[in-house]
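Participant: One structure follows; several queries about it will come next.
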Amino acid sequence: MSPLNRKLLRDLLHMKGQSLAISLVMAAGVATFVMALSTLRSLERNRATYYDHYRFGHVFAHLKRAPETLAARIEQIPGVAHVQTRVVVDVNLDVADMPEPAIGRLISIPERGQPKMNAVYLRSGRYIEPGRTGEVLVGEAFAEAHGLVPGDTVRAVINGKRQTLKIVGVALSPEYVLQIRQGDLLPDPERFGVFWIGRTELAAAYDMEGAFNDVSLRLMRGASTAEAIRRLDDLLAPYGGVGAYDREDQISHRFLSDEIRQLRTMGVLAPTIFLAVAAFLLNIVMSRLIRTQREQIAALKAFGYTNFEVGIHYLQFVLVISVFGVSLGTLSGLWLGRDLTRMYTEFYKFPIFTFYPDATIAMTALLIAAGAAITGTLGAVRRAASLPPAQAMRPEPPARYRPTILERLGIGAFLSQAARMILRNLERQPVKAMISCFGIAMAAAVLVLGAFSEDALDYMIEFSFYAAQRQDMTLSFVEPTSAEARYSVEHLTGVLYSEPFRSVPVKLRFGHRSRRLAILGIDPHSDLYRLVDRNERPVALPEEGLLISDKLAEVLHARIGDLLTVEVLEGERPVVRLPISGTIRDLAGLNAYMSYDALHRMMQEGETLSGAFVMVDSLNADTLYRRLKQTPQVAGVSVKNATVQSFKDTVAENMNIMRTFNIAFACVIAFGVVYNAARISLAERSRELATLRVIGFTRGEVSAILLGELGTITVVAIPFGLAIGYGLAAIVVQGLDTEQYRVPLVIDASTYAFATIVVLLASLFSGLVVRRRIDRLDLIAVLKTRE
Amino acid sequence: MPGTVDSTATRTAVFRARGVTKVYHMGEVDVHALRGVDLDLYESEFIVLLGPSGSGKSTLLNILGGLDTPTSGAVRYKDIVLTELDDAGLTQYRRHHVGFVFQFYNLIPSLTAKENVALITEIASDPMPPEEALALVGLADRMNHFPAQLSGGEQQRVAIARAVAKKPDVLLCDEPTGALDVHTGVVVLEVIQQINEQLGTTTAVITHNAVISDIADRVIALSDGRIGGVRVNERKVPASQLKW
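If you read the sequences in order, they're chains A and B. The first sequence runs 1 to 787 under the working numbering. The second sequence runs 788 to 1031 under the working numbering.
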């Protein structure tokens, strides 16, 4: 082995603490990056495979009732590959273990063999058998929420008659990856379940023999979805079709896409920032490390080593550290990514699990991380090598010290000798001090970035469910109901106070952009459903026209004053034009509000209720739920606390998994950076500190100078870091801005405190290491080898 | 083979320096290290550059060794005009012709004695084996020691072994005994003298210690960046007889 390679190995061993710290920073950056990207890629591919294998539809439509013969005409639509007609109805369920009613969606399937589209995957039990009535498959989410297994039964009110459904199998479907009802904000697996039942039986119960009320299409590759939707709408219009839509409007798909997109933000944007920060820090660390070798570089040059040879030597040094760091990061990233993919596929109940490790992701990470380290190294080597060796071998000329600003201001008299040295040093080398400061600040920043999402989610929950919506329960009727229902609700035992609402499913159109949603009509002075913007300021509901989410205005490319086309999707299905009278900067969903009365005028109806917001007397809650369960007019209730819990269990938990990893890696980065900053400062100053020891300073005094300097830098860096963290969080929040949620930029004091504490701990630890080294400074050697 | 002024004039000049000046910008002050130096060095000659600190002797040596470039003036080594070489040219010059010994040894701390020597033999065109070079300086038995395990004198001898292992044309020593006590200093000088005599390497030694000048063929005194005088030793004293 050549002497230079030996030097390389021994230098690495000598600096094993620092080398390891650098490798770990790199590994942490790479690991988050690789983990997040490979998880997302695998998740997306698994979803695609799932959709494909179980033949998830491309276009969906509901209607009142159409004869089966219409299917043949639908098949004629250009681009249509398959048509699936079904009977789909929502019914009230009576689940033994729950006082409040639940909603079951009954979906028809052939008695023999799987449907050709939107097939089901049997998790357990068996498929239904022809001729046996009451046999159903139940969606796994609902089955799990209620502990249902094949052999159990559920009671349902089917077309007014109470019937018992016998569960023979537990199933999954690409159509209900998330079991959520159109219009609901969140999946609520306890109160909404999907059931598959034989077509003959369901059709008989609802007088749908030879007819259907739901259709889905699979299109040929390259076919125009918009065109298919238009043609389908034309065909279905006479049969009470309420407008076909594609996957983008299919609630499970959209929800899943949004979640994946949020994961992408948490899981890609944050790690990318991590990696960038790690890369930047590596650049700094390497260049400072190399600078401490300036004399050795000069000696090598004096003996006739060329700049190139010296450069290669140091490059190898960096490469060993980088390759180790990147390999460690890639391997752990892949390993964690595999587990994470498995977790998500289980969470989303994909029947398919394949992990796709991706070499290009690892390569990208390698290029970014190693590239940054190498640039830092080469820059430093070039600086060291550009000096004539004679000059480089001499100690650097005495720096220009002068009294600091504080001293010039006359405060110097109050400063100790050590404090004066600390201040002069910081002021003499402002760039070095600033770089150290920036490094530590970035450590604090990544900690804030890693940890803030929980604060934002907590705030969102608090805001959406408590500050804005004060009702305990939302009651919805099967059909819009006349004004008397309002009084019936008010007089139910357990109802403390209630307010009616009108909800009208519509398609809002502006130009060629449209969204399907429900316009919510409420009392402008409602006490339960308050319209407040994200700054918690109340927003007035205009007497006329629409108040819509600013996000909805954004996706429609519409502004206040613009006229929207409102296609009502119920009753007589009128089409009207309404102005946007205002927007509201809210946090969840795409919402459109109208005053209760204005909505009635639009519908040309008297007072009509779709449901009511209710404050519940908790003492009588069970009585109320039992009563509601037996009320056929009630389509469902959603209990706020349960909804919040469901949100916390799903979205929040998903994000928190990523968050946990991000925090762990941020801690590694913070420690690595702070430790290196301390070690390098020590290396740069050891001669000076040893001299101080020689002339009579005690260990404590000498440590105080260096540690005081590090401490000062750390203390200054932390507030900067918290501010940078806030800025990075703002970038991430941009990426979390979806139609489902706008995660607010809210960072709790506790998160700042957490970041501060971790950085302080890292500093303390590094300080102790440095202190031990200062104690062991070789005074004589320093004097011998330098004048 | 003591020479006279006349006899040296007829020998080949290895180095030829004319009007060499060097100005360092040290912070806020300009330091005039050399103020116009003319100098010739001859084949196989042993010279001592004598002068107090700050006289410019290190600067002159560094310029001769291609470690530094003059602010003005010309320096020629045989057919090579050093003052016309770029960084890469100077590197090649140092690599193939010059052996350096520094006051503070400048050993690579992470390499053993043998490896420090091998560092040079790796890149030299016709080196002697590191073992041989170390034997030459009397360190054959300590070649697997790290610098930290060697005394100052031993470290300096490793540095000399490192300098001569490539069989340099010139050996340049900057205060080689500056950090050593008398006894070890003498041992180091003996080694340098022996190299000069056995290998015929042109040797220049910098010192501020006038006693050491007795071992040279010629003594060049520098003061304040100028050559103050040149003295030819009629009788060279063996290093072992030096005392200070």
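For every residue, glycine included, the Cβ atom is placed at its ideal position computed from N, Cα and C. On a predicted model such as this, the values are computed, not experimentally measured, just so you know.
Per the DSSP calculation, residue 92 of chain A is bridged to which residue(s)?
Facilitator: In the DSSP output, where bridge partners are listed per residue, residue 92 of chain A has A:103 and A:157.
Participant: Taking residue 434 of chain A as the reference, give the member of A:105, A:718, A:118 and A:126 with the closest Cα.
Facilitator: Residue 434 of chain A has its Cα closest to that of A:718, out of A:105, A:718, A:118 and A:126.
Participant: Counting only C-beta atoms, is residue 429 of chain A closer than 7 Å to chain B at any point?
Facilitator: With 7 Å as the cut-off, residue 429 of chain A does not count as an interface residue toward chain B.
Participant: Is there a Cβ of chain A sitting closer than 7 Å to that of residue 989 of chain B, yes or no?
Facilitator: No, its Cβ sits nowhere closer than 7 Å to a Cβ of chain A.
Participant: Does the beta carbon of residue 878 of chain B sit closer than 7 Å to a beta carbon anywhere in chain A?
Facilitator: Taking Cβ atoms only, chain A reaches closer than 7 Å to residue 878 of chain B, which makes this a yes.
Participant: Please confirm if residue 377 of chain A has its CB atom under 7 Å from at least one CB of chain B.
Facilitator: No, residue 377 of chain A does not count as interfacial toward chain B.
Participant: Taking residue 671 of chain A and residue 31 of chain A to be in contact with their CB atoms under 8 Å, please state how far apart those CB atoms are, rounded to whole angstroms.
Facilitator: The pair is not a contact, with the Cβ atoms about 15 Å apart (cut-off 8 Å).
Participant: Three Cβ pairs or more, each shorter than 8 Å: is that satisfied between the segment 754-772 of chain A and the segment 461-480 of chain A?
Facilitator: Segments in contact, no.
Participant: What does DSSP give as the partner residue(s) for residue 809 of chain B in the beta ladder?
Facilitator: For residue 809 of chain B, which the question treats as bridged, DSSP gives the partners B:821.
Participant: Is the segment 318-325 of chain A touching the segment 18-33 of chain A, taking contact as three or more C-beta pairs under 8 Å?
Facilitator: With a cut-off of 8 Å, the segment 18-33 of chain A and the segment 318-325 of chain A count as touching, because enough Cβ pairs lie within range.
Participant: Cα separation between residue 642 of chain A and residue 261 of chain A?
Facilitator: In a straight line, the C-alpha of residue 642 of chain A is about 25 Å away from that of residue 261 of chain A.
Participant: Could you give the distance in angstroms between the alpha-carbon of residue 1015 of chain B and the alpha-carbon of residue 847 of chain B?
Facilitator: Taking the straight line from one Cα to the other gives about 14 Å.
Participant: In this structure, how does DSSP classify residue 324 of chain A when only helix, strand and coil are distinguished?
Facilitator: Of the three classes helix, strand and coil, the one that applies to residue 324 of chain A here is helix, per DSSP.
Participant: Would you kindly report the start and end of the unbroken alpha helix (DSSP H) that includes residue 282 of chain A?
Facilitator: Residues 270-291.
Participant: The beta strand (DSSP E) spanning residue 895 of chain B covers which residue range?
Facilitator: Here residue 895 of chain B belongs to no beta strand (DSSP E), and DSSP marks it neither H nor E.
Participant: How many angstroms separate the CA atom of residue 588 of chain A from the CA atom of residue 269 of chain A?
Facilitator: Straight-line Cα distance between these residues: approximately 21 Å.
Participant: Pick helix, strand or coil for residue 252 of chain A, following the three-state DSSP scheme.
Facilitator: If DSSP states are grouped into helix, strand and coil, residue 252 of chain A belongs with the helices.
Participant: Compute the Euclidean distance between the alpha carbons of residue 912 of chain B and residue 883 of chain B, then round it to the nearest angstrom.
Facilitator: Their backbone Cα atoms lie some 7 Å apart in a straight line.
Participant: Check whether the segment 228-239 of chain A touches the segment 100-115 of chain A, taking contact to mean three or more Cβ pairs, one atom from each stretch, closer than 8 Å.
Facilitator: No: the two stretches stay apart, fewer than three of their Cβ pairs being nearer than 8 Å.
Participant: Can you give the Cα-Cα distance for residue 1004 of chain B and residue 960 of chain B, rounded to whole angstroms?
Facilitator: So the two alpha carbons sit approximately 15 Å from each other.
Participant: Entirely within the segment 558-583 of chain A and at least 3 residues each: give me those beta strand (DSSP E) ranges in chain order.
Facilitator: Counting whole runs of 3 or more residues, the segment 558-583 of chain A contains the beta strand (DSSP E) stretches 563-568.
Participant: Closer than 8 Å, Cβ to any Cβ of chain B: which residues of the segment 9-31 of chain A, in chain order?
Facilitator: Of all residues in the segment 9-31 of chain A, 10, 11 and 14 have a Cβ within less than 8 Å of some Cβ in chain B.
Participant: Specify the secondary structure class of residue 62 of chain A as computed by DSSP and reduced to three states.
Facilitator: Strand at residue 62 of chain A.
Participant: For residue 103 of chain A, which residues of its own chain have a beta-carbon under 6 Å away from its beta-carbon, when the five flanking residues on both sides are left out?
Facilitator: Contacts found: 90, 192 and 636.
Participant: Can you look up residue 816 of chain A in the DSSP assignment and give me helix, strand or coil?
Facilitator: Lying outside 1 to 787, the shown extent of chain A, residue 816 of chain A is not represented and no answer is given.
Participant: Near residue 450 of chain A, what residues of its chain come up, given a Cβ to Cβ distance below 6 Å and the 5 sequence neighbours on each side ignored?
Facilitator: Hits under 6 Å: 662, 663 and 666.
Participant: How many angstroms separate the CA atom of residue 1099 of chain B from the CA atom of residue 813 of chain B?
Facilitator: Nothing about residue 1099 of chain B can be read from this structure; chain B reaches only from 788 to 1031.
Participant: Counting along the chain, where does the beta strand (DSSP E) carrying residue 1015 of chain B start and finish?
Facilitator: Segment 1013-1019, the beta strand (DSSP E) holding residue 1015 of chain B.
Participant: Alpha carbon to alpha carbon, how far is residue 902 of chain B from residue 352 of chain A? Give it in angstroms, no decimals.
Facilitator: Roughly 59 Å separates the two Cα atoms.
Participant: Which residues in chain A have a C-beta closer than 7 Å to the C-beta of residue 902 of chain B? List them in chain order.
Facilitator: Residues of chain A passing the Cβ test: 3 and 6.
Participant: CB-CB under 8 Å to residue 872 of chain A, same chain, minus the five flanking residues each way: which ones, in chain order?
Facilitator: Any answer about residue 872 of chain A is impossible in this case: the structure gives chain A only from 1 up to 787.
Participant: Report the CB separation of residue 616 of chain A from residue 473 of chain A in whole angstroms; it is logged as a contact under 8 Å.
Facilitator: Rounded, the Cβ-Cβ distance is 5 Å, consistent with contact.
Participant: Is the CB of residue 351 of chain A under 7 Å away from at least one CB in chain B?
Facilitator: Not one chain B Cβ lies under 7 Å of residue 351 of chain A.
Participant: Please report how far the alpha carbon of residue 365 of chain A lies from the alpha carbon of residue 153 of chain A, in whole angstroms.
Facilitator: Distance between the alpha carbons of residue 365 of chain A and residue 153 of chain A is about 53 Å.
Participant: Is the CB-CB distance between residue 580 of chain A and residue 546 of chain A below 7 Å?
Facilitator: Yes.
Participant: May I ask you to list the residues that DSSP assigns as paired with residue 529 of chain A?
Facilitator: Per DSSP, A:469.
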